[in-house]
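One structure is given here, and the rest of the page talks about it.
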Amino acid sequence: MNTATQISTRAMIDEQDLHITTMRSAGQLIKRSLINTRRLPSAFIPTLAMPIFNMVSFSGTFFALTKLPGFPTDRSVNWFMPLGLAMGAAFSGVGLGFSLIRDLENGFYDRLRMSPTSRISLIVGPVLATWIRVTLVAIFVFIVGGLLGARPTAGVLSYVCSLVAALGISTIGAGWGLGLAFRFQDMRGAAIMQMSIFLTMFMSTAQVPLDVMTGWLHTVARVNPVTNIFRLSRSGWVNESSSGYMSWSNVYGGLIAIAVLSVLSLLFAVRSLQKIDK
Amino acid sequence: MSNSPIIAEDLVRHFDDVQAVKGINLEVKAGEIFGFLGPNGAGKSTVVRMLTTLLRPTSGTARVAGFDVVKDADEVRRSIGVALQDAAIDPLMTGAELLSLQAVLYGIPSAMMKKRADELLERVGLTAAASRRVSTYSGGMRRRLDLALSLIHQPTVLFLDEPTTGLDPMSRLTLWEEVRRLNKEGTTVMLTTQYLEEADQLADRIAIIDHGKIVREGKPVDLKASVGAPTLIIKTNIDQAEKAKTVLSTFGDLRPGAEGALGVGLRGGASQVTDVVRKLDEAGVHVQHLEINEPSLDDVFAEATGYRLEGSDNAPSAGDNGDEEPAKKKSRRGRK
């Protein structure tokens, strides 16, 4: 490399005052994440298979639930498809924590931390890549669900609400997974990531409506914000006569829960990243 | 205030109860290759991690490229290039993809990215392998790619943390040449190594670190001269070791030898060897092996620390023929 080239490179970088945009770095990190997904499909397949397995097994096994008086749909697959999707989204989210642990352990993350790019891009890029993966999972789940007999009751909005709920769950899972990975920096964080996310999900209306729950589970599910997210996700898949059918009053709670939990979990991730810089 | 690109004052780092770095003071001048020499666990990497903003000092201050490593961490990051131990590179990506990622992270304009990446790939001899996944690279290729990545933004200060550990002699020589070339172009280089020969060959000045403290610092030639006398190394039966020590101590200060060997710094120079052999013979000591060495960095290290650098005898030199270790991943956590 000749000196003139060096000088011109430096000059241009100086000219820009190394104006490193968050979105440009985030874009490269999205690209990296998607390249890795393409080149290591075995890491993505469980995320794709899990929701299908859940949807098929739950809707088959618990078909009789639809016979309960007041059950909001007569198609069990309509009830369990959003659950499968939510679980796939949660897997994708916390999976980001697993990837981060790998990067931390093999030292690749040091390379990112040593760069002058904004710390926000180190969080935003991978989270946006997760959104892309969750969207692919959602499309796959909708197709398979449709083949199994799932029918939307509110048209396109049914799909939109389920997708928004899935993206929300993946964001919450990603923030939580990243935060724990930054804190523990090894696989100890992985067990907490999975257990906490799935316990929170199953102590909501993930499997059965609130009306058929009793005792402590009913109380916990009632206050669990994830219940609101499931209400949002299923609002376009329950019968029009059901109290949970698509309406503003049935979706705003889910949107607020997603917004608040996403902000909290992403803040946790950012704080945890700042902590390892210290 | 000094304009030196690397200045550390009373740098301390604790990990819980362990004091890994115990008050390091050092100054690396512009245009120097500075060698940081020490055994595993001496604190070399911890110092480098503090100087490269990866770790905050528990106390003390450090300035790199004129910026405080804590208060102006972003400015430091823009000014330095770093190749850490074990070439931390994503094995699923290709060399070209990694260079693009690195270029964006350092704010290189899109219009210049490709040209810059091509220049660097050519420089480190990886043009033909640019579109191959890193998992197919040899250890030497990974190190060269790591070096290219660290140079993407043309840093003024370059940190190389054990850049040749695990490399075969040819790859080691290639990397040395590249480091010299970079230095000639004006880049200040701080190099950590556990190989004495590497420090001797490359560094303008070195610091020896042991148990978190700098125990010697200076130009290799001056440090070697400070040891003075040549070292006579002998090997004898274990049961005659004490007798041999008594004889040797009459010719100079005893120095640590490799395992099973005894060393003495000959006050009267190499001409005393005949006398030593005669006295040992008179004392009934059967000498199995004898050699005389001019002062080396190994002697400097031994004199400063009281022991020889582990594996220094076995460290592959650039002239040896050895097989290259396969690239391996290690957990970073324990190295903090």
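In the order they appear, the protein sequences are chains F and P.
1 is the number of the first residue of the first sequence in my numbering; add one for each residue after it.
1001 is the number of the first residue of the second sequence in my numbering; add one for each residue after it.
All residues carry an ideal CB built from backbone N, CA and C; glycine is no exception.
Quick check on residue i: buried or exposed, where buried means 16 or more other Cβ atoms within 10 Å of its Cβ?
i, result
"P46 (chain F)", "exposed"
"V141 (chain F)", "buried"
"A1283 (chain P)", "exposed"
"E1178 (chain P)", "buried"
"R38 (chain F)", "exposed"
"D1222 (chain P)", "exposed"
"F1015 (chain P)", "exposed"
"N1293 (chain P)", "exposed"
"D1146 (chain P)", "buried"
"P69 (chain F)", "exposed"
"Q1194 (chain P)", "buried"
"A1128 (chain P)", "exposed"
"V260 (chain F)", "exposed"
"Y1307 (chain P)", "exposed"
Should residue i be flagged as near chain F, meaning a C-beta pair shorter than 8 Å?
i, result
"M1190 (chain P)", "no"
"M1170 (chain P)", "no"
"M1141 (chain P)", "no"
"Y1062 (chain P)", "As written in the sequence, residue 1062 (chain P) is Ala, which differs from the Tyr given in the question. No, A1062 (chain P) does not count as interfacial toward chain F."
"T1165 (chain P)", "no"
"V1082 (chain P)", "yes"
"K1092 (chain P)", "The identity of residue 1092 (chain P) in the sequence shown is Leu, whereas the question assumes Lys. Yes, L1092 (chain P) counts as interfacial toward chain F."
"A1030 (chain P)", "no"
"I1206 (chain P)", "no"
"R1056 (chain P)", "yes"
"R1308 (chain P)", "no"
"I1238 (chain P)", "no"
"S1312 (chain P)", "In this prediction, S1312 (chain P) scores a pLDDT of 49, lower than 50, which makes its location untrustworthy; no coordinate-derived value is stated."
"T1193 (chain P)", "no"
"T1053 (chain P)", "yes"
"A1088 (chain P)", "yes"
"R1132 (chain P)", "no"
"R1077 (chain P)", "yes"
"D1074 (chain P)", "yes"
Run through DSSP, which three-state label would residue i get?
i, result
"V137 (chain F)", "helix"
"M1343 (chain P)", "The question about residue 1343 (chain P) has no answer, for chain P in this structure spans 1001 to 1336."
"K1350 (chain P)", "Shown here, chain P extends from 1001 to 1336; a query on residue 1350 (chain P) therefore has no answer."
"V1069 (chain P)", "coil"
"F1036 (chain P)", "strand"
"N54 (chain F)", "helix"
"P69 (chain F)", "coil"
"L1092 (chain P)", "coil"
"D1074 (chain P)", "helix"
"Q185 (chain F)", "coil"
"R1063 (chain P)", "strand"
"R1255 (chain P)", "strand"
"F1159 (chain P)", "strand"
"Q1102 (chain P)", "helix"
"L1054 (chain P)", "coil"
"D1313 (chain P)", "Low confidence applies here, because D1313 (chain P) scores a pLDDT of 45, under 50, leaving its location unreliable and the question unanswered by this model."
"I1024 (chain P)", "strand"
"N239 (chain F)", "coil"
"G179 (chain F)", "helix"
"D277 (chain F)", "coil"
"F62 (chain F)", "coil"
"R1278 (chain P)", "helix"
"L29 (chain F)", "helix"
"R1205 (chain P)", "strand"
"N224 (chain F)", "coil"
Find the residues of chain B that neighbour residue i, judging by a C-beta separation of less than 8 Å, and give them in chain order.
i, result
"I1006 (chain P)", "In the structure shown, chain B cannot be found, because the protein chains are F and P."
Indicate whether at least one CB of chain P lies closer than 8 Å to the CB of residue i.
i, result
"F108 (chain F)", "yes"
"K278 (chain F)", "yes"
"L273 (chain F)", "no"
"S25 (chain F)", "yes"
"L96 (chain F)", "no"
At a threshold of 7 Å, does residue i count as lining the ligand HEM (C-beta to nearest heavy atom)?
i, result
"V1070 (chain P)", "In the structure on display, the ligand HEM does not appear, and there are no ligands present to speak of."
Checklist entry - Which residues, in order along the region 223 to 234 of chain F, keep a beta-carbon less than 7 Å from a beta-carbon of chain P? => result Contact residues of the region 223 to 234 of chain F toward chain P are absent (C-beta to C-beta distance below 7 Å).
Item to check | Interface residues of the region 1096 to 1108 of chain P facing chain F [CB-CB below 8 Å] | outcome: Answer set for the region 1096 to 1108 of chain P: E1097, S1100, L1101, Q1102, V1104, L1105, Y1106, G1107, I1108.
Item to check | Near-chain F residues of the region 1267 to 1296 of chain P - C-beta to any C-beta below 7 Å | outcome: Answer set for the region 1267 to 1296 of chain P: empty.
Item to check | Under 9 Å (Cβ pairs) to chain P, residues found in the region 195 to 208 of chain F | outcome: Per Cβ criterion, the list is empty.
Checklist entry - If contact means a Cβ-Cβ distance below 8 Å, which residues of the region 112 to 137 of chain F contact chain P? => result Near chain P, meaning a CB-to-CB distance below 8 Å, the residues of the region 112 to 137 of chain F are L112, R113, M114, S115, P116, T117.
Item to check | Contact residues within the region 26 to 49 of chain F, judged by C-beta distance below 7 Å to chain P | outcome: Residues Q28, R32, I35, N36, R39, L40.
Item to check | Whole alpha helix (DSSP H) elements within the region 108 to 176 of chain F, 4-residue minimum | outcome: Qualifying alpha helix (DSSP H) stretches, in chain order: 108 to 114, 119 to 147.
Item to check | Runs of beta strand (DSSP E) lying entirely within the region 1116 to 1150 of chain P, each at least 3 residues, in chain order | outcome: None, since the region 1116 to 1150 of chain P contains no complete beta strand (DSSP E) of that length.
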